[in-house]
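Written below as structure tokens is the structure these notes are about.
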Amino acid sequence: MKIFNSLTRKKEEFQPIEEGKVRMYACGPTVYNYIHVGNARPLIVFDVLRRYLEHKGFDVHFVQNFTDIDDKIIKRANEEGISSSEVAVKYTTEYFIDAEGLGVLPATVHPKATESIPDIIALVQKLIDNGFAYEAGGDVYFRTDKFKEYGKLSRQPLEDLESGARVDINDNKEAAMDFALWKAAKPGEPYWPSPWGDGRPGWHIECSAMSVRHLGTTIDIHCGGQDLIFPHHENEIAQSEAANGCRFVNYWMHNGFLSIDNKKMSKSLNNFFTVREAAKSYGYETIRMFMLSAHYRSPLNYSEESLLQAKAALQRLYTTDEHLAFLSNNALSEKITEEESEFLLSLSAYKERFEQAMDDDLNTADAVSVIFELVRAINSGCSPEKNPSSEFAALCRARLRDLTNILGLLYSRENSEDLAAEVETLIEARQQARAERNYAEADRIRDQLKEMGIILEDTHQGIKWKRA
Ligand code: AMP
Ligand code: ZN
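Going by my numbering, the sequence shown opens with residue 3, and the numbers climb by one from there.
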């Protein structure tokens with residue numbers, strides 16, 4: 003598989019450190035608010051990366067942190083008159099509701115900054131001991147000019163960065179580009195005791211501390227949105243490499259921005275929709291489908307039109323899936339025929355092309371197109387007019403599900419099996435009523451089905467139902 007590495011700006015063949023294993027880290031949300039649709043983009047695309055690597059047989063160890071102490075959380079706590087930890091707990095819970103809705107699997111570990119304070123303190127101390135950090139007035143800063151490769155990810159030489167930066171006279175820093183590893187406590191803020199007095203961690207240090215704790219000094223993949231390249235990921239590299247004396251990350255992956263009216267969707271511009279709001283209008287799974295319709299590094303624009311398109315595309319997948327389920331349950335014959343077996347073999351070409359697209363830097367846009375080609379092939383090869391065998395219809399459905407499962411699609415109607423059982427019982431009862439000439443009862447059942455959003459249709463295989 004080839005991955006575009008933001009560090010080298012090249013597509014490179016993916017080679018994990020340890021055969022069969024992938025160590026992967028994603029910078030997680032700061033839990034002070036509901037996540038917006040822009041935040042959902044890295045969640046969804048890197049969830050697909052993880053699923054695809056697992057599909058390829060790797061044992062993926064995936065760490066995604068929660069930043070649960072930070073200026074924005076403290077501000078929110080003061081506004082709401084509750085503690086920072088109450089804010090963090092509340093929005094961590096809300097995060098998991100949205101992540102589950104979006105079909106994003108929980109990471110192997112979800113460490114929290116506030117639960118990693120001893121690791122953070124030990125890491126800061128190590129950086130002080132080896133001269134890469136210094137204490138000043140209860141704060142601790144990273145000494146950027148001592149880390150000679152500072153700027154290598156964002157490709158900005160330190161001199162350029164320094165000339166653009168201003169030194170705030172209230173700062174205790176030696177140089178403008180030095181950044182805080184530890185911040186001295188201010189009145190009314192949460193704090194932890196440390197060798198430099200009471201205080202709390204800076205933002206960047208938590209990822210370096212959690213990454214080494216859960217994945218080791220060098221990891222395979224580190225990912226997040228493009229806006230994290232500078233300063234967050236640049237600073238993570240400086241901290242981790244200065245402390246551990248070895249390469250921090252082999253492959254850096256960054257998703258492009260989700261925009262709205264061609265401006266980056268962000269909390270600060272106040273041009274965002276929360277995932278919760280968007281899910282109310284279009285459904286969670288539509289948001290997932292929408293994200294996967296573009297390559298993860300391309301810009302993607304959020305609009306009603308594109309969400310409705312994604313919704314219709316998803317519906318087409320469900321229609322075929324449910325249709326195949328119906329055919330396999332109601333076929334006139336059981337066993338697959340020779341002709342059907344041959345057709346089934348021809349479908350493996352779609353899986354190959356799907357994998358080629360995914361192997362090319364996770365090109366989900368092309369992978370989704372291949373799924374639609376597969377759907378068209380199945381719709382014609384396994385149509386009701388051909389009286390497909392039950393085995394054949396079930397195998398066609400399995401071929402479709404093989405690919406949609408890798409993208410984590412077709413999950414939100416997982417209970418459709420229960421629904422199918424209920425609908426089919428009602429259909430049988432209606433047939434029975436008709437046979438007994440109890441037309442009032444038959445009509446009542448038809449109305450009941452209609453209320454459930456189910457439409458009945460006469461086909462070769464008997465009465466077929468579909469969602470309105
Ligand atoms: P934040 O809570 O701002 O730290 O963002 C959490 C994650 O969402 C980070 O990986 C960001 O890079 C990413 N992100 C934020 N806004 C957008 C956006 N408009 N498009 C894509 N990714 C974004
Ligand atoms: Zn991070």
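Glycine included, each C-beta is placed from N, C-alpha and C at the ideal position.
Quick caveat, the model's predicted, so the values are computed rather than measured.
- Put simply, the residues with a CB less than 5 Å from any heavy atom of the ligand ZN are C29, C209, in chain order.
- Under the three-state reduction of DSSP, N303 is assigned to strand.
- Y352 sits buried, since 16 or more C-beta atoms from the chains shown fall within 10 Å of its C-beta.
- When C-beta atoms of the region 337-344 are compared with those of the region 385-396, three or more pairs fall below 8 Å, so the two segments count as touching.
- For Q127, the enclosing alpha helix (DSSP H) covers residues 119-131.
- It is roughly 27 Å from the alpha-carbon of L294 to the alpha-carbon of P233.
- Two segments are said to touch when three or more pairs of C-beta atoms, one from each, lie closer than 8 Å; by this definition the region 432-445 does not touch the region 379-386.
- Assigned with DSSP and collapsed to three states, E438 falls in coil, not helix or strand.
- A90 is not a Cβ neighbour of D73, given a cutoff of 7 Å.
- Contact between F64 and T110 holds, with the beta-carbon distance rounding to 5 Å and staying under 8 Å.
- Listed in chain order, the non-local C-beta contacts of V372 below 8 Å within the same chain comprise Y352, R355, F356, A359, L405, local neighbours out to five positions each way being set aside.
- Put simply, the residues with a CB less than 6 Å from any heavy atom of the ligand AMP are C29, P31, T32, G40, N41, R43, P44, G226, G227, D229, L230, N257, F259, L260, K266, M267, S268, in chain order.
- Within a 10 Å sphere around the beta-carbon of I457 sit fewer than 16 other beta-carbons, which makes this residue exposed.
- For L458, the uninterrupted beta strand (DSSP E) run begins and ends at 456-461, by DSSP.
- Following the DSSP letters along the chain, one finds F374 inside the alpha helix (DSSP H) bounded by residues 366-383.
- Check the Cα spacing between P113 and each of A135, R215, Y152: the tightest is with R215.
- DSSP, reduced to helix, strand and coil, places E14 within a strand of the structure shown.
- Only exposed fits I84, as fewer than 16 other CB atoms lie within 10 angstroms of its CB.
- Residue burial annotation: L309 is buried, with at least 16 other C-beta atoms found within 10 angstroms of its C-beta.
- Here A182 is bridged, per DSSP, to Y143.
- Around the beta carbon of G59, fewer than 16 other beta carbons lie within 10 angstroms, which makes this residue exposed.
- In terms of CA proximity to R401, L376 leads the group A422, A244, L376.
- Straight-line measurement puts the Cα of T220 at about 7 Å from the Cα of C248.
- With contacts defined as CB atoms closer than 7 Å, A115 and E208 qualify as a contacting pair.
- With a minimum length of 4 residues, the unbroken runs of alpha helix (DSSP H) contained wholly in the region 163-238 fall at 205-217.
- For D100 against V251, the beta-carbon gap comes to about 27 Å, at or over 8 Å, which does not count as contact.
- Note that the C-beta distance between L125 and A240 is not below 7 Å.
- As the crow flies, the alpha-carbon of L107 is around 7 Å from that of D49.
- The beta carbon of W194 lies closer than 6 Å to those of I119 in the same chain, with the five residues before and after it left out.
- Leaving aside the five residues that flank E236 on each side, the residues in its chain whose CB is nearer than 6 Å to its CB run, in chain order, L155, S156.
- For N41, the enclosing alpha helix (DSSP H) has its first and last residue at 39-57.
- When C-beta atoms of the region 301-315 are compared with those of the region 280-293, three or more pairs fall below 8 Å, so the two segments count as touching.
- In the DSSP assignment, V251 falls within the beta strand (DSSP E) that extends over 251-257.
- For Y286, the enclosing alpha helix (DSSP H) covers residues 286-294.
- Here Q66 is actually not in contact with G105; their C-beta atoms are around 15 Å apart, not less than 8 Å.
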